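Comments concern the structure below.
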Amino acid sequence: MSDLRSQFTSALLVVLTVTAVICAGLNYQQQARYHLPDDGATWMDVVHGEPPSQSLRVTAVHIESGGPADLAGIRTGDVLLRIAPVENSEAIPIREAIEVAQIMQRAGVWAKTTYVLLRDGVEIDAKVIVADVNRDRALYFQYGVGAAYLIIGLFIFFRRNQARAALHFYLLCLVSFIQFTFHYTGKLNSFDAAVYIANVIAGLLAPALFVHFCLVFPDSGRR
Numbered sequence: 002m003s004d005l006r007s008q009f010t011s012a013l014l015v016v017l018t019v020t021a022v023i024c025a026g027l028n029y030q031q032q033a034r035y036h037l038p039d040d041g042a043t044w045m046d047v048v049h050g051e052p053p054s055q056s057l058r059v060t061a062v063h064i065e066s067g068g069p070a071d072l073a074g075i076r077t078g079d080v081l082l083r084i085a086p087v088e089n090s091e092a093i094p095i096r097e098a099i100e101v102a103q104i105m106q107r108a109g110v111w112a113k114t115t116y117v118l119l120r121d122g123v124e125i126d127a128k129v130i131v132a133d134v135n136r137d138r139a140l141y142f143q144y145g146v147g148a149a150y151l152i153i154g155l156f157i158f159f160r161r162n163q164a165r166a167a168l169h170f171y172l173l174c175l176v177s178f179i180q181f182t183f184h185y186t187g188k189l190n191s192f193d194a195a196v197y198i199a200n201v202i203a204g205l206l207a208p209a210l211f212v213h214f215c216l217v218f219p220d221s222g223r224r
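The opening position of the sequence shown corresponds to residue 2 in my numbering, with each subsequent residue numbered one higher.
The structure is reproduced here in structure tokens:
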């Protein structure tokens, strides 16, 4: 019965490991190929006016220096009214800040968009060329860290699989692998959402598993 349970556990770990490695590989590929559009501005729904005529308006609260919005002349405090996602196309009214990201997603990287802004009560146009988000190089370094965790975990588990703490240590390494190699790309599809959820769960489990391993390992060694 004990052997059967051990075989089942090993088979389950193999399935989980292979699935995690495949998903990490696909996620790495998407990170390298997918370019997240960015206009270099942070838009938020900000209250304008005095009671009782207050209203929420999409307002630029931060402009990245040297970014597309900055180069187009957009300033902090400008109110965004409409966006034409393609040059010379009909402008789409903007009612919520989230709609800016949705329109950029539709337009794509390097699209020539026209932002209609309200500044000091005057409507102005700004030609914004949508760029892509510069991914931090440290993101790709994390894939190497995750691979190291998995290799160490596999080595210890197969060399000392009879040891009581071997399974616990491998689970810690597997969860750490997921934490370091599953990264949200912003592609907004089902796989991307699953990767994000897995990363959050792994981020919660890894510290707990590490603390539990540190508490259990000395006791199991004395026995």
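Backbone N, C-alpha and C fix where the C-beta goes; we use that ideal spot for every residue, glycine too. Keep in mind that this is a model prediction, so the values were computed, not measured.
| query | result |
| --- | --- |
| Grouping DSSP H, G and I as helix and E and B as strand, with all else coil, what is I125? | strand |
| Taking only three categories from DSSP, how would you classify S66? | coil |
| Any idea what DSSP makes of D71, helix, strand or coil? | helix |
| Count the other CB atoms, across all protein chains shown, that sit within 10 Å of the CB of S177; report buried if there are 16 or more and exposed otherwise. | buried |
| Beta-carbon separation of Q31 and Y141 under 9 Å? | no |
| Taking one C-beta from the stretch 33-44 and one from the stretch 126-140 each time, how about it: are there three or more such pairs within less than 8 Å? | yes |
| Enumerate in chain order the residues of its own chain whose CB-to-CB distance from G204 is below 7 Å, with the five nearest sequence positions on each side excluded. | Q180 |
| Which one or two residues does DSSP pair with Y116 in a beta bridge? | I84, A127 |
| Measuring straight from C-alpha to C-alpha, what distance separates L172 and V196? | 18 Å |
| Identify the residues that DSSP records as bridge partners of I179: which are they? | I179 pairs with nothing; no bridge assigned. |
| Between the beta-carbon of L151 and the beta-carbon of L175, is there less than 9 Å? | yes |
| How about H49 and Q55: are their beta carbons less than 9 Å apart? | yes |
| Near A98, what residues of its chain come up, given a Cβ to Cβ distance below 7 Å and the 5 sequence neighbours on each side ignored? | W44, M45, D46, V59 |
| Between G78 and Q103, what straight-line distance do the alpha-carbon atoms span, to the nearest angstrom? | 21 Å |
| Would you please state the rounded distance, in angstroms, between the beta carbons of H36 and V110? I believe it to be under 8 Å. | 5 Å |
| Using beta-carbon positions only, say whether I75 and V117 come within less than 9 Å of one another. | no |
| Answer with buried or exposed for H213, where buried requires no fewer than 16 other C-beta atoms within 10 angstroms of its C-beta. | exposed |
| Roughly how many angstroms separate the alpha carbons of T18 and A139, rounded to a whole number? | 24 Å |
| Determine whether the beta carbon atoms of V134 and T114 lie at a separation below 9 Å. | no |
| Exposed or buried, which one is N162 when buried takes at least 16 other CB atoms within 10 Å? | exposed |
| Beta strand (DSSP E) containing V110: first to last residue? | V110 -> no beta strand (DSSP E), and no H or E assigned at all. |
| Cutting at 8 Å between CB atoms, please list the residues of its own chain near Q143, excluding the five before and the five after it. | F181, T182, H184 |
| Which residue or residues does DSSP assign as beta-bridge partners of D137? | Partner(s): none; D137 has no beta bridge. |
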